[in-house]
DNA sequence: TTCCTGTTGTATAC
DNA sequence: GTATACAACAGGAA
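Numbering (the numbering used here), first residue to last: 2 to 524.
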């Protein structure tokens with residue numbers, strides 16, 4: 002009699018039991034299921050993954066473990082490189098099937114193809130499923146003749162009529178077999194300290210990781226049918242003291258909540274109300290942006306770089322370590338910018354429009370520093386840092402791709418005022434400005450000295466002077482952007498045979514020594 | 001080739 | 001609150 006068949010379901014993203022086709026396939030085919038997550042210690046470094054996101058991941062794993070134990074199973078957290086760990090586990094547990102969710106990121110694709118051939122050599126069959134996104138990017142590319150749609154609108158017409166699969170139920174039972182004895186706790190979910198991180202100082206991030214938390218948050222929003230039906234992204238506030246958007250992004254990033262579940266729940270609410278908002282501003286519209294950006298990450302070469310990325314405008318960004326550091330640390334002297342960066346670091350989440358504000362400021366708006374630098378910082382601190390989405394949004398805001406109206410520059414003083422005239426958001430995150438009168442809170446350097454004294458905040462001593470003159474640098478930058486776009490245009494025309502034109506308008510490389518003296522191109 | 005549209009700008013005028 | 005200049009982009013449709 003043949004012994005019971007054993008499978009590993011390998012969790013990576015998709016940290017959930019609901020809508021998990023790969024896990025269900027393992028359960029269908031095998032009696033003994035080993036749910037595994039592999040932690041690669043090499044990634045446990047703060048320069049890549051900030052401690053708050055790592056904490057969120059560990060909480061998600063603990064939640065998964067709890068849910069599995071409720072079903073008389075458990076999560077096995079193994080440490081090491083997947084290509085080392087998995088073969089060991091295959092042998093140890095006599096595995097014949099490996100299942101996982103497809104991942105479209107370049108690193109993951111490389112890793113998974115290596116694992117596939119490894120498994121093949123060890124007589125382990127591999128089954129993988131698309132369940133992180135609404136659509137299968139490979140299928141979308143096939144439908145669009147291998148072209149990634151260049152605009153949101155053309156993406157929407159592409160997916161019109163493509164069915165979004167219904168989400169699957171969580172399995173009631175995982176496995177017949179009793180989990181292996183692990184008295185030493187070899188496979189337990191580690192702590193932040195175990196992974197070499199220092200403990201989080203100050204209040205914990207307000208968002209806890211895991212499928213349970215994610216589903217709770219989803220339900221909470223879905224119960225508010227009016228909010229769901231009327232949701233319009235541009236009308237939500239970047240500086241409200243409580244989030245004005247759903248904060249489902251970290252749960253979608255790790256797959257604690259299935260995007261297909263979210264999508265079908267939205268459709269179900271839409272059916273129950275008289276009218277609802279539409280893409281691009283609606284919540285379904287937000288999911289479509291996610292899909293479009295994932296497709297870009299899948300189909301555009303060198304997507305996370307400027308150089309070698311055919312969709313990205315080539316812009317001669319400035320290198321300026323002091324400015325970059327001031328931006329990251331929240332010491333630019335612009336209270337709205339500094340408050341947003343403080344919220345980013347202390348809570349791991351900031352509103353979408355707040356991201357716009359600081360991203361525009363770092364790149365084309367003020368500092369003219371590469372979006373790649375900004376993307377690195379965001380991916381360190383954001384709980385929801387997602388390779389495709391983060392990259393795409395940085396390209397958008399820096400007017401490198403997707404968005405091209407570079408002359409629309411966010412004002413670090415004006416933008417926040419529109420939705421928070423009193424500056425309460427700034428007061429919350431920058432207590433040093435707590436007593437600054439609202440007239441000056443967005444630009445404290447304009448406050449008379451006696452006002453600064455009365456507020457207990459002297460600019461230049463208690464709070465920094467602004468590192469740039471926004472009016473001057475934003476105008477200068479528009480000129481530089483125009484140069485870069487002209488060069489792009491000339492290159493494009495040059496390809497058609499008129500190469501002389503390409504040389505006519507080369508983009509000027511801005512020099513650090515001439516930051517304020519650049520004269521905008523004359524008419 | 002021209003025209004239209006593009007989630008989410010700002011300052012100023014009425 | 002709404003309109004307009006600012007200096008003017010790209011992609012896609014017609």
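The beta-carbon is built from N, C-alpha and C at its ideal position, and this holds for glycine as well.
Collapsed DSSP secondary structure at residue i in the structure displayed
i           : result
residue 422 : coil
residue 289 : helix
residue 79  : strand
residue 535 : Nothing can be reported for residue 535: it is not among the residues displayed for the chain, which extend from 2 to 524.
residue 179 : coil
residue 10  : strand
residue 99  : strand
residue 55  : helix
residue 308 : coil
residue 474 : helix
residue 165 : coil
residue 270 : helix
residue 248 : coil
residue 338 : helix
residue 464 : strand
residue 201 : coil
residue 319 : strand
residue 229 : helix
residue 490 : helix
residue 85  : helix
residue 382 : helix
residue 66  : helix
residue 259 : coil
residue 184 : coil
residue 297 : helix
residue 459 : coil
Residue i, enclosing alpha helix (DSSP H) - first and last residue
i           : result
residue 369 : No alpha helix (DSSP H) holds residue 369; DSSP gives it neither H nor E.
residue 23  : 22-30
residue 324 : 322-330
residue 223 : 212-224
residue 160 : 153-160
residue 15  : Segment: none, residue 15 is in no alpha helix (DSSP H) and carries neither H nor E.
residue 111 : 107-122
residue 139 : 138-144
Of the listed residues the options, nearest to residue i (C-alpha basis)
i           : options               : result
residue 256 : 448, 455 and 101      : 101
residue 190 : 210, 140, 303 and 78  : 78
residue 88  : 62, 115, 328 and 68   : 115
residue 252 : 467, 463 and 54       : 54
residue 349 : 244, 120, 147 and 85  : 244
residue 57  : 240, 42, 185 and 192  : 192
residue 211 : 330, 301 and 61       : 61
residue 254 : 291, 52 and 148       : 291
residue 528 : 159, 35 and 494       : Because the chain is modelled from 2 through 524, residue 528 falls outside the range shown and cannot be assessed.
residue 207 : 364, 248, 275 and 235 : 248
residue 303 : 239, 393, 230 and 224 : 393
residue 237 : 282, 268 and 264      : 282
residue 167 : 228, 265, 424 and 110 : 265
residue 332 : 351, 314 and 359      : 359
residue 230 : 267, 239 and 480      : 267
residue 472 : 12, 272, 197 and 367  : 367
residue 199 : 490, 381, 46 and 7    : 46
residue 240 : 436, 353, 163 and 147 : 353
residue 128 : 137, 183 and 113      : 113
residue 395 : 416, 420 and 369      : 369
residue 284 : 273, 263, 416 and 272 : 263
Extent of the continuous beta strand (DSSP E) run through residue i
i           : result
residue 275 : Per DSSP, residue 275 belongs to no beta strand (DSSP E) and is neither H nor E.
residue 35  : 33-40
residue 126 : 126-130
Touching or not, the stretch 406-415 and the stretch 298-312, by the rule of three or more beta carbon pairs under 8 angstroms?
no
Validate contact between the stretch 330-342 and the stretch 421-431 using beta carbons, cut 8 angstroms, 3 pairs
yes
Three-pair Cβ contact test at 8 angstroms for the stretch 106-116 versus the stretch 139-153
no
Could you check whether the stretch 242-261 touches the stretch 120-139, counting it as contact only if at least three pairs of C-beta atoms, one from each stretch, sit closer than 8 angstroms?
yes
I want to know whether the stretch 209-219 touches the stretch 16-23 - three or more CB-CB distances under 8 angstroms.
yes
Below 8 angstroms, how does it come out for the stretch 365-374 and the stretch 313-322: are there three or more Cβ pairs, yes or no?
yes
Quick one: complete beta strand (DSSP E) runs, 3+ long, within the stretch 390-453?
none
contact_flag[the stretch 33-48, the stretch 80-98] where n(CB pairs < 8 angstroms) is 3 or more:
yes
Can we say the stretch 269-280 touches the stretch 293-303, given the rule of at least three CB pairs closer than 8 angstroms?
At 8 angstroms Cβ cutoff, the stretches do not touch.
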